[in-house]
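Below is one structure, written out as structure tokens; comments come after it.
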Amino acid sequence: MRHKIVEFRHVSFRYGEEHPWVLKNCSFAIYENEAIAIIGHNGSGKSTIAKLMNGLLFPQEGEIVINGRSVTQDSIWDIRKDVGMVFQNPDNQFVGTTVQDDVAFGMENRGIERDEMVRRIDNTLSAVGMQEYRLTEPHKLSGGQKQRVAVASVLAIFPQILILDEATAMLDPRGRTDIMKTVTRVQDQRHLSLITITHDLQEVVQAERVIVMNEGAIWDEAAPRDIFAKKAELRRIGLDIPFVAALSEELRKAGIPINREALN
Ligand code: ADP
1 MRHKIVEFRH
11 VSFRYGEEHP
21 WVLKNCSFAI
31 YENEAIAIIG
41 HNGSGKSTIA
51 KLMNGLLFPQ
61 EGEIVINGRS
71 VTQDSIWDIR
81 KDVGMVFQNP
91 DNQFVGTTVQ
101 DDVAFGMENR
111 GIERDEMVRR
121 IDNTLSAVGM
131 QEYRLTEPHK
141 LSGGQKQRVA
151 VASVLAIFPQ
161 ILILDEATAM
171 LDPRGRTDIM
181 KTVTRVQDQR
191 HLSLITITHD
201 LQEVVQAERV
211 IVMNEGAIWD
221 EAAPRDIFAK
231 KAELRRIGLD
241 IPFVAALSEE
251 LRKAGIPINR
261 EALN
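Counting from 1, position 226 in the sequence shown corresponds to residue 226 in UniProt numbering; the numbering is continuous, with no gaps.
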């Protein structure tokens with residue numbers, strides 16, 4: 001039995017009393033070294049879930065437990081050592097004047113000593129194939145390279161959970177494939193739990209388990225092919241035919257058997 005690394009226990013959240021509930025009584029668990037995709041229509045609460053996982057937000061009801069610790073104001077600095085997040089727009093994530101400064105920044109904040117920092121910069125930039133750009137200014141990189149550096153900066157903290165929140169959305173198909181290959185390799189090496197919030201079908205198919213959000217609730221959670229078998233219901237919650245049709249194609253390419261009758 002794998003170790004539970006993330007647990008949402010009856011979590012409800014809203015952005016203030018005058019706002020509607022964004023998450024309603026959500027419960028789910030994510031395990032060590034598991035690859036999860038979170039999908040759902042725009043506004044269904046996916047990004048909010050990511051922000052709750054590293055204490056950028058706190059739920060009004062319920063509890064979130066990360067690696068055995070409840071997420072509270074007192075625990076967020078420990079929690080953030082375990083949870084690394086990469087967002088959609090890499091330009092908003094850069095703070096350093098060179099790639100290596102940027103990777104160092106998160107470590108400096110956490111008081112990691114200098115020799116260890118140098119080792120980790122080397123190690124993580126190699127892991128994402130960006131070591132030769134160590135001294136480059138981040139703004140000179142392509143979108144895909146920027147996202148690889150953003151991943152390296154997060155990996156340098158040695159998180160146990162890596163969350164990609166639409167992190168490939170601004171990349172071309174090749175850039176997406178490239179970054180997902182990199183991340184999947186590192187996930188295997190480090191036994192990370194990988195949580196991908198995405199619209200990209202290739203990424204959904206690669207997940208072991210898909211969590212489908214609808215109107216702030218968990219609509220379903222299952223293996224990609226089982227989710228896909230519910231074509232008509234998916235359409236009703238705003239994940240429409242082009243999405244499903246393309247997903248079918250991706251499943252076929254990945255050699256995952258699908259029930260043809262369920263596609264009609
Ligand atoms: P998703 O990632 O699935 O698109 P989000 O978690 O970003 O969904 O948003 C869920 C809901 O919360 C949406 O209705 C959105 O408008 C609302 N929301 C998100 N951020 C804020 C905010 N800072 N203040 C108020 N409402 C917000």
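Glycine residues also receive a C-beta, built at the ideal position from the N, C-alpha and C atoms.
- Of the candidates GLU215, GLU208 and VAL11, GLU208 places its Cα closest to the Cα of ILE227.
- Pairwise C-beta distances place the region 133-148 out of contact with the region 188-203, as fewer than three of them are shorter than 8 Å.
- C-alpha of ARG14 to C-alpha of ARG114: approximately 41 Å in a straight line.
- Remark: the shortest separation between the CB of GLY55 and any heavy atom of the ligand ADP does not fall under 6 Å.
- A direct Cα-to-Cα measurement between LEU57 and LEU251 gives close to 35 Å.
- Pairwise C-beta distances place the region 20-40 out of contact with the region 92-110, as fewer than three of them are shorter than 8 Å.
- When the alpha-carbon of ASP200 is set against those of ARG185, ARG190 and THR177, the nearest one is in THR177.
- Ranking ALA254, TYR31 and TRP77 by CA distance to the CA of ARG2 puts TYR31 first.
- The beta-bridge partner set that DSSP reports for TYR31 consists of LYS4.
- In the three-state scheme derived from DSSP, where H, G and I count as helix and E and B as strand, ILE39 is classed as strand.
- The alpha-carbon separation between MET117 and MET107 amounts to approximately 7 Å.
- PRO159 has its alpha-carbon roughly 26 Å from the corresponding atom of GLU61.
- Here ALA127 is near VAL186, since their CB atoms are less than 7 Å apart.
- With fewer than 16 other Cβ atoms from the protein chains shown falling within 10 Å of its own Cβ, GLN73 counts as exposed.
- Where ASP188 is concerned, there is no enclosing beta strand (DSSP E), although the alpha helix (DSSP H) around it starts and stops at 173-190.
- Residue environment analysis places ASP78 among the exposed positions, since fewer than 16 neighbouring C-beta atoms fall within 10 angstroms of its C-beta.
- Going by DSSP, VAL71 is part of no beta strand (DSSP E) at all; its letter is neither H nor E.
- If you draw a 10 Å sphere on the C-beta of PRO138, you find 16 or more other C-beta atoms in it, and that means buried.
- For VAL95, there is no enclosing alpha helix (DSSP H), as DSSP marks it with neither H nor E.
- In this structure, SER193 has its CB at a distance of at least 6 Å from all heavy atoms of the ligand ADP.
- Here ARG120 is buried. Its C-beta has 16 or more other C-beta atoms within 10 Å.
- Annotation: the region 73-156 contains the following complete segments of the alpha helix (DSSP H) (minimum length 4 residues), in chain order: 76-82, 99-109, 114-127 and 143-155.
- Distances from the CB of VAL71 to the heavy atoms of the ligand ADP are all 6 Å or more.
- Residue side-chain check: VAL22 places its Cβ nearer than 6 Å to a non-hydrogen atom of the ligand ADP.
- Partner residues in a beta bridge of VAL204, as assigned by DSSP, do not exist.
- Under the three-state reduction of DSSP output, PHE13 falls in the strand class.
- Distances from the CB of GLY45 to the heavy atoms of the ligand ADP include at least one below 6 Å.
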